[in-house]
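Visitor: Under my numbering, think of the first position of the sequence shown as -9, with each following residue one higher.
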Amino acid sequence: MNYRQQMDNIAVHIGTITKIYHEFAKLQGLTYNTMMVLEALRQSQPCTQKQISEEWGLPKQSVNSVIKDFAKKEYIELLAGRNKKEKLIAFTEKGKTFADSTLQPSLAMEERVLQRIGEKESRQFENTTAKFAQFFQEEFSAHQQSNSFSNI
-9 MNYRQQMDNI
1 AVHIGTITKI
11 YHEFAKLQGL
21 TYNTMMVLEA
31 LRQSQPCTQK
41 QISEEWGLPK
51 QSVNSVIKDF
61 AKKEYIELLA
71 GRNKKEKLIA
81 FTEKGKTFAD
91 STLQPSLAME
101 ERVLQRIGEK
111 ESRQFENTTA
121 KFAQFFQEEF
131 SAHQQSNSFS
141 NI
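(1) Just to confirm the assignment: which complete beta strand (DSSP E) runs, minimum length 3, are found wholly within the stretch 43 to 96?
(2) Taking N(-8) as part of the alpha helix (DSSP H), name the residues at either end of that continuous run.
(3) Between the stretch -9 to -1 and the stretch 30 to 42, do at least 3 Cβ pairs fall closer than 8 Å?
(4) Could you pull out every residue in the same chain whose Cβ sits closer than 7 Å to the Cβ of E100, ignoring the five residues on either side in sequence?
(5) Do the stretch 61 to 74 and the stretch 7 to 18 meet, that is, are 3 or more Cβ pairs less than 8 Å apart?
(6) When the distance is taken between beta carbons, is L48 closer than 8 Å to M26?
(7) Examine the Cβ distances between the stretch 87 to 104 and the stretch 26 to 35 and report whether three or more of them are shorter than 8 Å.
(8) Buried or exposed for L97, please, with buried defined as at least 16 other CB atoms from any protein chain shown within 10 angstroms of its CB.
(9) Please state if the CB of G85 and the CB of K77 are separated by a distance shorter than 8 Å.
(10) Within 10 angstroms of its Cβ, does I57 collect 16 or more other Cβ (buried), or is it exposed?
(11) On a CA-only basis, which of K74, I79 and F60 is nearest P36? Give me that one, please.
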C-alpha cells in the first residue's frame, strides 16, 4: 500500500470517528460543537474561548455561541484573564454536574475501546496521532509561509 492509499484510509477512519461523536451528541440533545466544548472544559479549565477553538478545531463563532448558552444556563463562570478582553472559562458546580452526566457515557465507551485495543497499541496510537498532527502542522506552516500550495 502506498502513502496516498494510507492517507485516504486514515481520512475515512477519522471521518467515521467524527460521525460517531456527532451521532452521540445528537442522542444527548446536543450539537457536536457543544459536546466538544464540554469535553474541552472538562479536560482543561480554566481556559479561554480562543484555546478551545484552536486546540479543538472548532469555529470561533460556534464556541462563542456555546459559551454564551452555558453562561445563560449558569454552567460556567467567566473569570478575569491576562487582560481586560480575555476571559477564562470555568465550570460552576451546576456545569460540572451537567458535563459529568452528559459526557460519562462517551468517556466510558472511549475507555472500553482503548481497553479492547490494549495498553501498548493505545499508547502507540496516541504517539502516532501526536506525531502526525505535529508533522502535518509543520508541513502546512511551511507551505503557508511560502504561500504556495502548488508545489506540495
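We put the beta carbon where it would ideally sit given N, CA and C, even for glycine.
Guide: Working from what's here:
(1) 66 to 70 and 77 to 81
(2) In the sequence shown, counting from the first residue as 1, residue -8 sits at position 2. Where N(-8) is concerned, there is no enclosing alpha helix (DSSP H), given that its DSSP letter is neither H nor E.
(3) no
(4) Numbered from its first residue, the sequence shown carries residue 100 at position 110. Same-chain partners within the cutoff: there are none.
(5) no
(6) Along the sequence shown, one-based indexing puts residue 26 at 36. Along the sequence shown, one-based indexing puts residue 48 at 58. Their beta carbons are under 8 Å apart, which means M26 touches L48 by this criterion.
(7) yes
(8) Taking the sequence shown and counting its residues from 1, one reaches residue 97 at position 107. Counting Cβ neighbours within 10 Å, L97 comes out exposed, since fewer than 16 surround it.
(9) What you label residue 77 is simply residue 87 of the sequence shown in a count that begins at 1. What you label residue 85 is simply residue 95 of the sequence shown in a count that begins at 1. No, the pair does not count as a contact, with Cβ atoms beyond the cut-off.
(10) Here residue 57 refers to the residue found at position 67 when the sequence shown is read from its first residue. I57 comes out buried.
(11) In the sequence shown, the residue the question calls residue 36 occupies position 46. The candidate whose alpha carbon is nearest that of P36 is I79.
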